[in-house]
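In our numbering, the protein residues as written are 2 to 377.
For each residue, glycine too, the CB sits at the ideal point set by N, CA and C.
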Amino acid sequence: MPVATALVGTVAAVTALVASVVFGASLSTLLATPRLYGINWQVSMQNLTGFQVHSLARALNANPTVDKVSYGVVGKLVDVNGVSTPAFMTDVSKGPMAFTLVDGRYPSGDHETALGTKTLASAHASVGSTVQVKIVTNKGHTVVRQFRVVGEVVLPPGNSPAIGVGAVLSVRAAVLALCPPTLSAARCTSQFEPLILKQATWFAVIGTVPGRRGDATVASLEARYAPYLSEIVVPTNLVNFGQAINFPALLGLTLALFGVATLAHLLLVSVSRRRKEVALLKVLGFVRRQVSAAVCWQATTVCLIGIVVGVPVGIIVGRSTWELFATAVGVEPVAVVPAQQVVVVAIGAIVVGNILAVVPAALAARLRPAEALRAT
């Protein structure tokens, strides 16, 4: 009897379907939640001067509907443990830093940095480790500094070449890193910060409180600073992958068909090879309804075993696969387990199993005991 094959096929089918459901729900949640792919604000501005961004920050600090304001300079390439990446020289005037924090904390000290998820992996670093950062000055000199990684952040595309690529440090930390060791910190900042303020192109990101008051503030800022606004959109690679999500679903359906085939094979073979047992049951008094029910219970038992084993395994596989994908893409790895859809998969497995049992049950019910016993 192919019982083991049927059990393996059913477990594999349920596992694949549950895993694809978890993966699909996690992807849908990612696309619907900008914070997960690094856009943790409502207004983004580019190409501001240093004086504009500081004036804007002072005005927004007094606005109760604004809960976070971060600004800085981005674009200069640095080398982190041999990995070339853009540096986000960022200061905060209100609330927490706007970048989505995955692990650790935001950098605040002169020798602290937070790395994007992909940069952290490429540099073979972790939160709490020390990395070697090489910075090329405007005069072409290479400066090497040691920075402690205090956080892992999600950096959205824009100035960054891809999601999760970049190193975040304060403007003061960047200035001190560029200073020669002969200058004191006070003298260094007094010389270099005015140059950055005048010459660099700044960005600003602003987060508002939820509700109508926050929406009104967003509308006011968009009208006032329209030439500097940067459109907030879902990253193209995530949209493209979301449109091509058929692969996990097709894989799940393929394994589900394998499970259906093995279960149908088990039921047909069990009726064919156990004609004598079915005949004896009829001789002992089983009516057609009871014989059919026995076959259906056999299918239900196999499905229940598949559900008991396949659902938790499928959840684990789905979560693990999603976390690997999210880490590779550079977004925050938040897996979602949709309980209702998992229940639907479990109920569907039992329903399909009993549908498959209809034909074998009918064959068993029509079996004539005398002919079956004479043949055996």
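Looking at the backbone, the Cα of G307 and that of A13 are separated by about 8 Å.
For V103, the CB contacts under 7 Å within the same chain, skipping 5 residues up- and downstream, are T118, E153, V154, V155 and E333 in chain order. Shown here for T143: same chain residues with a beta carbon closer than 7 Å to its own, the five before and five after excluded, namely K135 and V137 in chain order.
The beta-carbon separation of K69 and G208, rounded to 4 Å, stays under the 8 Å limit for a contact. In this model, R369 and A280 are separated by some 7 Å (Cα to Cα). Note on geometry: alpha-carbon atoms of L177 and V79 lie some 14 Å from one another. Taking every protein chain shown into account, the CB of N48 has fewer than 16 other CB atoms within 10 angstroms, so this residue is exposed. Per the C-alpha coordinates, the member of A363, G354, V210 and V344 positioned closest to V67 is V210. If you check the CB distance, A300 and G354 come in under 8 Å. A direct Cα-to-Cα measurement between Y229 and T114 gives close to 28 Å. V150 sits close to S130, with the two beta carbons spaced by under 8 Å. Rounded to whole angstroms, the gap between the alpha carbons of I348 and V309 is 12 Å. For F204, DSSP records a beta bridge to G73.
In the three-state reduction of the DSSP assignment, G165 falls in the coil class.
Across the set P158, V318 and R106, the C-alpha of R106 shows the shortest separation from the C-alpha of V128. Apart from sequence neighbours up to five positions away, the residues of its chain that approach V206 with a beta-carbon distance below 6 Å are W42, S45, S71 and A99, ordered along the chain. DSSP places F100 in no alpha helix (DSSP H); its state is neither H nor E.
Sequence-distant partners of T34 (beyond 5 residues in either direction) whose C-beta falls short of 7 Å from its own C-beta are missing from its chain. Membership of Q341 in the alpha helix (DSSP H) is indicated by the continuous run A340 to L357. Boundaries cannot be given for S109, as no beta strand (DSSP E) includes it and DSSP labels it neither H nor E. Here the segment 317-327 lies against the segment 20-33, with 3 or more beta-carbon pairs under 8 Å apart.
Within the same chain, Cβ atoms closer than 6 Å to the Cβ of Q342 are found at V22, the five residues on either side in sequence being excluded. Counting the other CB atoms within 10 Å of its CB gives A60 a total below 16, which places it among the exposed residues. For T120, the enclosing alpha helix (DSSP H) starts and ends at T118 to S123. Residues of the same chain with a CB within less than 6 Å of the CB of P158, apart from the 5 flanking positions on each side, are I164 and P236 in chain order.
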